[in-house]
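Protein chains in written order, with the numbering used here: chain A, 1 to 258; chain B, 259 to 516.
Below is one structure, written out as structure tokens, with a few remarks after it.
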């Protein structure tokens, strides 16, 4: 049987709240066995871009990344947030390493082709260097991924953080039995967006189709769940959605099944 | 006999000039055998700090690093510059990985004690994780170090880039015959600061003492040469000082000998 591997994605809001992040990382270091952390960026990049006088453009919840924006993302995601998380993990005696896609050619992506929208320096992951990731895991080092991938020619690209986590989980499923966790602000997928306690405990693909049709699942939840089902269909063992307490025992969550 | 290892430090001005950096990296990827790249930051951090409304304080050519400054350094050195160099190396088909001291606990430092001056978040390297660096070299991956180290408790510290390169070279001398290169704006140590062609080809410790006494060596060159002699005395095989063309065959340079 394959050994277990946990891949955990944390969102922007969790990163921005120092106390929440610290509590989450306490739970994270308690997890047994090999594990990988992926993080988004959230508002800090927008904040820095604003101060530097760069305009942030969004279409359908996705950032349009021109050259200036990519500089800010490289600074904020690849530098500030990534290295601070690594430092915090080291402070909790968890060895870790911060990575963007160009590091060890670990996340190779293709620049998104221009159709109706030119997303700029945005890419979709095509290849994960599982051998390199595994060499880190074997040394007891937790890889911490910022949501930056790289083309084969070393061009850094802004990449959806959920997709980064999914693609890593999918690729690592060749070697491991993988469990993918998405930690965001909500305790899971809500039946009623205004009721924090209306978490749907389990969603299969049939239920998913219905929930989309009935507009229970909308906006940012759409690409997130798309990622979840992509992952399940391509080899990931299970996917859990929850809030910053998702790694705690008996945490409320939504489980995605085939 | 120990295998050879080259450690190359590049300064801020070289990084800021895209064409110079690119030409330097072309030379760098041509170097045979295992190699390590260390880079400083230069004016980009000051530029970003200014735009973000942070004041940059310098005493004796050393930056005073408060919490805000350390954030900027983590963004600019650890993110922007570091990841762009890694991307460029990948574009030249040289596998590489960007590191700050917290990554894999690779550069452990002690915060500089407060005497006359409180340097803030500034540290001096105390321990280099040679085992981890070696595991990267064995995989054919070039470690690219930004001038950020970390305390044992994961606190990121601004660290003199020349010292980072020296300390790495010294530590790696246990396993390798090491050659340390410092590339900056000058072709080497100049006899006459106003004459670019007055490069002193060789300096031993006796000559060094005389050059300091006669004020040929002053300002920023003092800590640089201090680092060079520290390195030579603690196991590094040779140290070369030159400009961005230092890695080219027959480049003018200053060689530091015991």
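Glycine included, C-beta positions come from ideal geometry on N, C-alpha and C.
Please name the residue, chosen from the options, that lies closest to residue i on a Cα-to-Cα basis.
i                     : options                    : result
residue 345 (chain B) : A:84, A:104, A:20, A:76    : A:104
residue 15 (chain A)  : A:78, A:161, A:2, A:42     : A:42
residue 31 (chain A)  : A:94, A:82, A:150, A:17    : A:94
residue 23 (chain A)  : A:183, A:221, A:123        : A:183
residue 1 (chain A)   : A:222, A:204, A:175, A:40  : A:175
residue 374 (chain B) : B:318, B:467, B:339, B:277 : B:318
residue 334 (chain B) : B:270, B:435, B:347        : B:270
residue 296 (chain B) : B:411, B:511, B:483, B:404 : B:404
residue 248 (chain B) : A:101, A:90, A:109, A:102  : With chain B running from 259 to 516 in the structure shown, residue 248 (chain B) is simply not present.
residue 78 (chain A)  : A:221, A:165, A:148, A:163 : A:148
residue 258 (chain A) : A:48, A:108, A:203         : A:203
residue 153 (chain A) : A:179, A:181, A:196, A:109 : A:109
residue 40 (chain A)  : A:21, A:226, A:209         : A:21
residue 485 (chain B) : B:427, B:468, B:328, B:340 : B:427
residue 439 (chain B) : B:513, B:328, B:275, B:350 : B:513
residue 25 (chain A)  : A:92, A:210, A:208         : A:92
residue 275 (chain B) : B:468, B:469, B:467, B:443 : B:443
Tell me residue i's beta-bridge partners as DSSP assigns them.
i                     : result
residue 484 (chain B) : Looking at the DSSP assignment, residue 484 (chain B) forms no beta bridge with any residue, so it has no partner.
residue 323 (chain B) : B:378
residue 401 (chain B) : B:355
residue 36 (chain A)  : A:7
residue 496 (chain B) : B:437
residue 190 (chain A) : A:199
residue 512 (chain B) : B:499
residue 383 (chain B) : B:367
residue 408 (chain B) : B:366, B:414
Below 7 Å CB to CB, which residues in the same chain sit around residue i once its five sequence neighbours on both sides are set aside?
i                     : result
residue 425 (chain B) : 383, 386
residue 143 (chain A) : 36, 97, 99, 133, 136
residue 431 (chain B) : 493, 494
residue 326 (chain B) : 312
residue 130 (chain A) : 171, 172, 174, 175
Give me, in chain order, the residues of the same chain whose beta-carbon lies closer than 8 Å to that of residue i; leave out the 5 immediate sequence neighbours on both sides.
i                     : result
residue 506 (chain B) : 285
residue 456 (chain B) : 448, 449, 450
residue 543 (chain B) : What the structure shows of chain B is the stretch from 259 to 516, and residue 543 (chain B) is not part of that stretch, so it cannot be assessed.
residue 511 (chain B) : 445, 446, 457, 459, 498, 499, 500, 504
residue 177 (chain A) : 1, 2, 3, 4, 5, 237
residue 81 (chain A)  : 15, 39, 41, 44, 146
For residue i, count the other beta carbons within 10 Å of its own beta carbon; 16 or more makes it buried, fewer makes it exposed. Which is it?
i                     : result
residue 452 (chain B) : exposed
residue 139 (chain A) : exposed
residue 489 (chain B) : buried
residue 84 (chain A)  : buried
residue 213 (chain A) : exposed
residue 53 (chain A)  : exposed
residue 242 (chain A) : buried
residue 418 (chain B) : buried
residue 399 (chain B) : buried
residue 292 (chain B) : buried
residue 8 (chain A)   : buried
residue 118 (chain A) : exposed
residue 277 (chain B) : exposed
residue 205 (chain A) : exposed
residue 268 (chain B) : buried
residue 421 (chain B) : buried
residue 188 (chain A) : buried
residue 482 (chain B) : buried
residue 323 (chain B) : buried
residue 106 (chain A) : buried
residue 316 (chain B) : exposed
residue 222 (chain A) : exposed
Counting only the same chain and skipping the five closest in sequence on each side, list residues whose C-beta sits under 6 Å from that of residue i.
i                     : result
residue 73 (chain A)  : 45, 158
residue 251 (chain A) : 242, 245
residue 476 (chain B) : none
residue 165 (chain A) : 7, 9, 38
residue 496 (chain B) : 437
residue 307 (chain B) : 314, 330
Are the C-beta of residue i and some C-beta of chain C separated by less than 8 Å?
i                     : result
residue 399 (chain B) : Absent here is chain C; the protein component of the structure consists of chains A and B.
Practice problem: For the stretch 61–75 of chain A, enumerate the residues whose C-beta is nearer than 7 Å to any C-beta of chain B, in chain order. | Solution: 71, 74, 75
Quiz prompt | Under 7 Å (Cβ pairs) to chain B, residues found in the stretch 93–110 of chain A | solution = Taking 7 Å as the upper bound on Cβ-Cβ separation, chain B lies near residues 95, 97, 98, 100, 102, 103, 104, 105 of the stretch 93–110 of chain A.
Self-check item: Members of the stretch 332–348 of chain B that neighbour chain A once the beta carbon cut-off is set at 8 Å
Solution: Of all residues in the stretch 332–348 of chain B, those with a C-beta nearer than 8 Å to a C-beta of chain A are 332, 333, 334, 335, 336, 337, 338, 340, 341, 342, 344, 345, 346, 347, 348, reading in chain order.
Quiz item: Listed in chain order, which residues of the stretch 38–58 of chain A have Cβ atoms closer than 9 Å to some Cβ of chain B?
Solution: 48, 51, 52, 53
Practice problem: Residues of the stretch 438–457 of chain B with a CB closer than 8 Å to any CB of chain A: list them in chain order, please. | Solution: If the cut-off is 8 Å between Cβ atoms, the stretch 438–457 of chain B has nothing near chain A.
Quiz item: What residues in the stretch 279–295 of chain B have a beta carbon less than 8 Å from any beta carbon of chain A?
Solution: If the cut-off is 8 Å between Cβ atoms, the stretch 279–295 of chain B has nothing near chain A.
Self-check item: Cβ-based contacts, 7 Å cut-off: residues of the stretch 149–177 of chain A near chain B
Solution: 150, 153, 154, 155, 156
Self-check item: Contact set between the stretch 458–482 of chain B and chain A, restricted to residues whose Cβ is under 7 Å from the partner
Solution: none
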